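Below: one structure, written as structure tokens.
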Amino acid sequence: MPSDAVLTGTVALVTGASSGIGEATARRLAADGAAVAIAARRVDRLEALAREIEDAGGRALAVESDITDRAQAEALVERTVAELGRLDTVVNNAGVMLLGPAEDADIEEWERMVDLNVTGLLYVAKAALPHLIAAAEEEPRRVTDLINISSVAGRRARSDSAVYNLTKHGVGAFSEALRQEVTQRHVRVSLVEPGAVSTELAGHNRPEVQEAMRTRFADMERLEASDIADAISYIVTRPRHVAINEILVRPTEQQN
Ligand SMILES: NC(=O)c1ccc[n+]([C@@H]2O[C@H](COP(=O)([O-])OP(=O)(O)OC[C@H]3O[C@@H](n4cnc5c(N)ncnc54)[C@H](OP(=O)(O)O)[C@@H]3O)[C@@H](O)[C@H]2O)c1
């Protein structure tokens, strides 16, 4: 890790870091010089990633956390600050996407999406905010970042995605309102909206829904998780006077 990397001396927290976009983002922010707290429920995967980051010369803290539980979400933020010393960057990434027609839906799938994509994200944001405001007054960067991961589904509603659309549209509205509240204190709130990315996300759906998704994206070259990590890295490494409020990233071949 070069000691002059842009995020040297800062601390990042990435939720949903045990796979996909969160894992790639943690790796990338560590390469950019940040000490990273990595959180999810599958602690064995977090520990393997932490070892990999440390072997590459970085610093990582693996924290087992189910952020749908408010006490665990708050403890995650407090442990990050207690062990790594401060909090400059939060990537609110953990999420679940359970699709299918509303008429046939299992209401527990709706609850899982709202609990994680909305309520869990809010728990982390609320607990992190005082620390982000404090770190924005301090060297080395005097600016901090809260990045909420939405989706193309946060821009466009489509059939068979009603509740996922609801959660991601909500993340967009929350992010923009909060951005206005804190931007003059140099806390930048950003929204990242990926199109189809090759991760484990779709694999949690019922078999018939997975089959419909396979058909929809059959011939498309999808994004890699590292493509989204690149966008996040771009946002957080901008100079203090530049705020990237929103980034929508689709695979080139994705029309809608
Ligand atoms: N892949 C795409 O095409 C795509 C497109 C647009 C937006 N997104 C968004 O990108 C984000 C990341 O998704 P991904 O594609 O990287 O999927 P993924 O590989 O399934 O990652 C989801 C992450 O969330 C974590 N998670 C799930 N439940 C959790 C809980 N209760 N508490 C804490 N962590 C939890 C998972 O870890 P554990 O299971 O170990 O807890 C995992 O690390 C999501 O918000 C998703 O909506 C993805």
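To get my numbering, take the position in the sequence shown, counting from 1, and add 2.
All C-beta atoms, glycine included, are put in the ideal place defined by N, C-alpha and C.
Keep in mind it's a predicted model, so treat the numbers as computed, not measured.
Looking only at C-alpha atoms, which of Leu31, Ala104, Ile109 sits nearest to Thr239?
Check the Cα spacing between Thr239 and each of Leu31, Ala104, Ile109: the tightest is with Leu31.
Is the CB-CB distance between Gly197 and Arg252 below 8 Å?
yes
Would you call the stretch 35-51 in contact with the stretch 218-231, where contact means no fewer than 3 C-beta pairs closer than 8 Å?
no
Could you tell me how far apart the beta carbons of Val13 and Ala28 are, in whole angstroms, since I believe they sit closer than 8 Å?
The Cβ separation is near 12 Å, so there is no contact.
Using the C-alpha atoms, what's the distance from Leu89 back to Leu36?
One point to set straight first is that residue 36 is Ala, not Leu, in the sequence displayed. Cα-Cα distance, rounded: 10 Å.
Rounded separation between Thr121 and Ala73 - CA only:
Going from the Cα of Thr121 to the Cα of Ala73 covers about 12 Å.
Taking its Cβ as the centre, do 16 or more other Cβ atoms sit within 10 Å of Gly102, making it buried, or is it exposed?
Within 10 angstroms of the beta-carbon of Gly102 lie 16 or more other beta-carbons, which makes it buried.
To which residues of the same chain is Glu56 closer than 7 Å at the C-beta, ignoring the five residues directly before and after it?
Ala62
To the nearest angstrom, report how far apart Ala130 and Ser5 are at their CA atoms.
26 Å
For the candidate residues Glu105, Gly60, Ile23, Asn119, whose alpha-carbon lies nearest to that of Asp68?
Asn119
Where are the alpha helix (DSSP H) runs, 4 residues long or more, that stay fully inside the stretch 36-76, in chain order?
As far as the stretch 36-76 is concerned, its whole alpha helix (DSSP H) runs of at least 4 residues are 45-57.
Evaluate the contact criterion for the stretch 187-197 versus the stretch 206-221: three or more CB pairs, one atom per stretch, below 8 Å.
no
Coarse secondary structure for Ala306, derived from DSSP in three states:
Residue 306 lies beyond the range of the chain shown here (3 to 258); nothing can be said about it.
Using the Cα positions of Val92 and Val189, report the straight-line distance between them to the nearest angstrom.
11 Å
Cβ-based neighbour list, His206, same chain, cut-off 7 Å, excluding 5 preceding and 5 following
Val98, Leu100
Does the distance from the C-beta atom of Arg181 to that of Asn247 stay below 8 Å?
yes
Please look up how many angstroms separate the CB atoms of Ser163 and Ala155, rounded, as I've assumed it's under 8 Å.
6 Å
Reducing DSSP to helix, strand and coil, say where Val184 ends up.
helix
Should Arg81 be listed as close to ligand 1, given that the test is whether its C-beta is under 7 Å from any heavy atom?
Not so, every heavy atom of ligand 1 lies at least 7 Å from the Cβ.
Reduced DSSP secondary structure (H/G/I, E/B, other) of Asp108
Coil at Asp108, not helix or strand.
Run through the DSSP bridge pairs and tell me what Arg190 is partnered with.
Looking at the DSSP assignment, Arg190 forms a beta bridge with Asp147.
Between the Cα of Leu86 and those of Val184, Glu226, Arg53, Val65, spot the shortest distance and give me the residue it belongs to.
Val65
Start and end residues, beta strand (DSSP E) containing Val93:
91-94
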